[in-house]
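Report on the following structure.
In my numbering, the protein residues as written are 920 to 1168.
In structure tokens form, the structure reads like this:
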């Protein structure tokens, strides 16, 4: 995974999944503080997000960015084609946020149209685990966040086709991503998602954007989303991120 197509990236295992797969983070070429952390494929049946981010890693070299990237946060679920990890837990309901609940929760709150669920393996209910942070993938991602201390996190999902930013995300970043990919900016997805990654990050005062792509083939996803994501990764924290132009090419 470190061939010529992934120039400059340093690849490290930040943990192991429940079935023993390496959890990998791609780090910029230069050691030091990161400008952000981008995470994809917390849900295994959202494999298109992993492929999209892989293309992102191929198009932005590790020399051009200060971002860290986790292309597959749930490798066991990706391998099995399931939303949950190998233990049947939805990782995005397993974080020890103030919102975590012990009961199963709706994958999408009632009212989200069936047409937007798309994938056969989606379940109506999500298990939060026996307790918060019960899963090795959850704990490893928490430890990675604590280690990197990113000033911004982008959490990539599908297929709701929207941006869900927290209030503390710089408005210019959100507006540029929205404009580049023609994505609506929303303040919720119709109801709570207890124990979600972005809830836990918010508790820790880490600005976060949930970035939901649509259900589409990889060429269409790349054409729509890579320009804005590439520019985000290339925008240095030391530059004026608010005025950076990441319009569609």
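Don't be surprised by glycine CBs; every beta carbon is placed ideally from N, CA and C.
Under the DSSP definition of a beta bridge, which residues are partnered with residue i?
{"i": "residue 1025", "result": "1044"}
{"i": "residue 955", "result": "986"}
{"i": "residue 1085", "result": "DSSP output for residue 1085 lists no bridge partner at all."}
{"i": "residue 1079", "result": "The partner list for residue 1079 (beta bridge, DSSP) is empty, contrary to what the question assumes."}
{"i": "residue 1127", "result": "1072"}
{"i": "residue 945", "result": "930, 988"}
If you check the beta carbons only, do residue i and residue j fall under 8 Å apart?
{"i": "residue 1073", "j": "residue 1128", "result": "yes"}
{"i": "residue 959", "j": "residue 989", "result": "yes"}
{"i": "residue 1002", "j": "residue 954", "result": "no"}
{"i": "residue 1026", "j": "residue 1044", "result": "yes"}
{"i": "residue 963", "j": "residue 993", "result": "yes"}
{"i": "residue 1175", "j": "residue 1088", "result": "Limits of the chain in this structure are 920 at one end and 1168 at the other, which puts residue 1175 out of reach."}
{"i": "residue 893", "j": "residue 1118", "result": "Only positions 920 to 1168 of the chain appear in the structure, and residue 893 is not among them; the question remains open."}
{"i": "residue 999", "j": "residue 1053", "result": "no"}
{"i": "residue 979", "j": "residue 1096", "result": "no"}
{"i": "residue 1099", "j": "residue 967", "result": "no"}
{"i": "residue 981", "j": "residue 948", "result": "yes"}
Using only alpha-carbon positions, find the residue among the options that is nearest to residue i.
{"i": "residue 969", "options": "1096, 954, 1131", "result": "1131"}
{"i": "residue 1068", "options": "1108, 1125, 1091", "result": "1125"}
{"i": "residue 1090", "options": "1079, 1077, 1080, 1105", "result": "1105"}
{"i": "residue 1019", "options": "929, 1103, 1051, 1133", "result": "1051"}
{"i": "residue 1046", "options": "1101, 1102, 1006, 1062", "result": "1006"}
For a test of the three-state rule: what should DSSP assign to residue i, helix, strand or coil?
{"i": "residue 1039", "result": "Note that residue 1039 scores 47 on pLDDT, short of 50, meaning its location in the model is unreliable; the coordinates nonetheless yield the value given after this. Reduced to three states, the DSSP call for residue 1039 is coil."}
{"i": "residue 950", "result": "coil"}
{"i": "residue 1169", "result": "Residue 1169 cannot be examined here, being either before or after the span of the chain that is shown, 920 to 1168."}
{"i": "residue 998", "result": "helix"}
{"i": "residue 1152", "result": "helix"}
{"i": "residue 934", "result": "strand"}
Check your understanding: Would you say the segment 1104-1116 touches the segment 934-952, given that touching needs at least three Cβ pairs under 8 Å?
Key -> With a cut-off of 8 Å on Cβ pairs, the segment 1104-1116 is not in contact with the segment 934-952, counting fewer than three such pairs.
Practice item. Could you tell me whether the segment 970-977 touches the segment 1141-1154, using the rule of 3 or more Cβ pairs below 8 Å? Key: yes
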